[in-house]
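Chains as they are written, first to last, in this note's numbering: chain A, 1 to 104; chain B, 1001 to 1414.
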Ligand SMILES: Cc1cc2nc3c(=O)[nH]c(=O)nc-3n(C[C@H](O)[C@H](O)[C@H](O)COP(=O)(O)OP(=O)(O)OC[C@H]3O[C@@H](n4cnc5c(N)ncnc54)[C@H](O)[C@@H]3O)c2cc1C
Ligand code: FES
């Protein structure tokens, strides 16, 4: 049975921004995309395990604060070196103004 | 028809080879590297590679499999000895020659050597890092000459491995080149806290060997005895091939805004080239930075495929020392005044503007979150923005709000 994890309120994140949320011993990055949708990826960069939430969101790209590696946070796809390994993504459910994910 | 030949299988060469394929080039691409390895990243060599318990493998940039998949002919241990520019051929150390339609010089840089000092170690290659890591032992005393990025990263690594460290710098402070004094002071304080004996403003008269030890004779008469001496006193652009081929040089291989050399069939990119930067009044600069090598590799591939865009990425550099992250964007004047912005985690961001109020540089040393602010500052520099000093200094005015809105929603490269 997948476990439902409540991450934050939709109002916690400004538009075109990201926050870090730690749950269940894991770190997540929660994004508020232009247009209003929410996305969740693993919180750590696949290059050198830096917290991505410290990075810059531009459109649908999150740029790592350490070496400016890039990912499309909707798909997790690595979009710019030195990031080469894709980021894990988690499908999001919005309910009552809360951002939740299902963790299996 | 002969294809494109790239001399130097480092960051710039590998980036160009991949970008040629991404740009649709279908001719032959040959990447010639003197080192016995496939292209790898150098930044870890002065950081993780010295600290990890087991000797690490190089951080590959382009594996032989990836090269093969892109139909890039990657030749390791292939040193080019001369260029016959009129005939458009390169000569290799193994006696063979190779014809080219276009040639890219991505030969990097070589550590400057201390004249007349034997037994001094340097750090540029994977082998250099392997040789160093076993010798940064507890109980040993390491003398580091040079307070630039490499010297300081080496000092941090040596301390973290338990060695005693003395760092000698002839300039009045560390990081004189390209880092504002206020930011260099944060770095110096962190090294002092870690127990590094920092000696700025000190000139070395000579280095003598006494058995397994080295004596550094300072100009003021002091003598420092060390088990190991490592020099990080800068790097010289690798221009020998270019010079012998008669290409124009100017603190590196001189190229134009499209990274073309003075020969119409030869281009240059990365640490080896000096280029006029449109954002800084066309001033000719040479950078030794990972992002620059990556970006110039991509840009020169575009030029080689007929593109006419000038290269004008904003210079950007990072360094990691202990838990500190250091980043610089733009071209900082070491002693010009700065405007300070205090970030919530205590890190201070320092901006520099020119006489007309245009933002030209930003730098900070501290927590990782400064990366985002430095990146935004870089975007402001790219936009030739003239932000008000009050806005730059106000932590509650987001740097993002100072940007001129761009048409594209998704990230563009600068
Ligand atoms: C220890 C270290 C740490 C660094 N850390 C950072 C950092 O933290 N942040 C940062 O931004 N930058 C850092 N840099 C700088 C960055 O690594 C360089 O700017 C980058 O490697 C430049 O790439 P390049 O391709 O121009 O040159 P290189 O990577 O030097 O590649 C040039 C290659 O050309 C080959 N070559 C030269 N002549 C010939 C020939 N005649 N025939 C065949 N091959 C030839 C060389 O063997 C070499 O492999 C660091 C550099 C070093 C050495
Ligand atoms: S740690 Fe994220 S790009 Fe290097």
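Just so you know, even glycine gets a beta-carbon here, dropped at the ideal spot from N, CA and C.
Limits of the unbroken beta strand (DSSP E) element including residue i
i              : result
residue 1351/B : 1348-1353
residue 1366/B : 1359-1366
residue 70/A   : 70-72
residue 1110/B : 1109-1111
residue 1197/B : 1197-1200
residue 1082/B : 1080-1084
residue 1237/B : 1235-1237
residue 1240/B : Element bounds for residue 1240/B: not the beta strand (DSSP E) but the alpha helix (DSSP H), 1240-1244.
residue 1389/B : That residue, residue 1389/B, is in no beta strand (DSSP E); its alpha helix (DSSP H) goes 1389-1393.
residue 1049/B : Counting along the chain, residue 1049/B falls outside any beta strand (DSSP E), though it belongs to the alpha helix (DSSP H) covering 1048-1051.
residue 23/A   : 17-23
residue 63/A   : 61-63
residue 30/A   : 26-32
residue 1060/B : Element bounds for residue 1060/B: n/a, residue is neither H nor E.
residue 39/A   : 38-42
residue 1166/B : 1164-1169
residue 92/A   : 92-95
Where the alpha helix (DSSP H) containing residue i begins and where it ends
i              : result
residue 1191/B : 1181-1193
residue 1375/B : 1370-1382
residue 1150/B : 1149-1160
residue 1132/B : 1126-1133
residue 1066/B : 1064-1069
residue 1011/B : 1011-1022
residue 1295/B : 1290-1304
residue 82/A   : Residue 82/A -> no alpha helix (DSSP H), and no H or E assigned at all.
residue 1099/B : Per DSSP, residue 1099/B belongs to no alpha helix (DSSP H); it is in the beta strand (DSSP E), 1097-1099.
Within-7 angstroms CB hit, residue i to chain A
i              : result
residue 1001/B : no
residue 1410/B : With a pLDDT of 46 at residue 1410/B, under the threshold of 50, the predicted position of this residue should be treated as unreliable, though the coordinate-derived value follows. It does; some Cβ of chain A falls within 7 angstroms.
residue 1369/B : yes
residue 1011/B : no
residue 1375/B : yes
residue 1047/B : no
residue 1102/B : no
residue 1270/B : no
Integer Cβ distance of residue i from residue j, believed to fall under 8 angstroms
i              : j              : result
residue 1350/B : residue 1363/B : 5 angstroms
residue 1361/B : residue 1332/B : 4 angstroms
residue 90/A   : residue 40/A   : 4 angstroms
residue 1275/B : residue 1255/B : 5 angstroms
residue 1329/B : residue 1348/B : The pair is not a contact, with the Cβ atoms about 15 angstroms apart (cut-off 8 angstroms).
residue 66/A   : residue 1371/B : 6 angstroms
residue 86/A   : residue 78/A   : 5 angstroms
residue 20/A   : residue 43/A   : 6 angstroms
Interface flag, residue i vs chain B, CB-CB below 7 angstroms
i            : result
residue 11/A : no
residue 85/A : no
residue 55/A : yes
residue 18/A : no
residue 30/A : no
residue 21/A : no
residue 65/A : yes
residue 50/A : yes
7 angstroms Cβ cutoff, residue i in contact with chain D
i              : result
residue 1001/B : The structure shown has no chain D; the protein chains it does contain are A and B.
Identify each residue in the stretch 67-78 of chain A for which the Cβ-Cβ distance to at least one residue of chain B is less than 7 angstroms, and report them in chain order.
Per Cβ criterion, the list reads 67, 68 and 70.
Considering only heavy atoms of ligand 2, list every residue whose Cβ is less than 6 angstroms from one of them, following chain order.
Residues flagged by the Cβ proximity filter: 45/A, 47/A, 48/A, 50/A, 64/A, 66/A, 67/A, 69/A, 82/A and 83/A.
Taking only beta carbons into account, state which residues of the stretch 1287-1303 of chain B come closer than 9 angstroms to chain A, listed in chain order.
1290, 1291 and 1294
So if I threshold CB-CB distances at 8 angstroms, which residues from the stretch 1244-1261 of chain B count as touching chain A?
Residues are counted here when their Cβ sits less than 8 angstroms from a Cβ of chain A; for the stretch 1244-1261 of chain B the count is zero.
Which residues of the stretch 1075-1095 of chain B have a Cβ closer than 8 angstroms to any Cβ of chain A? Give them in chain order.
none
Using a Cβ cut-off of 7 angstroms, which residues of the stretch 1339-1354 of chain B contact any Cβ in chain A, in chain order?
none
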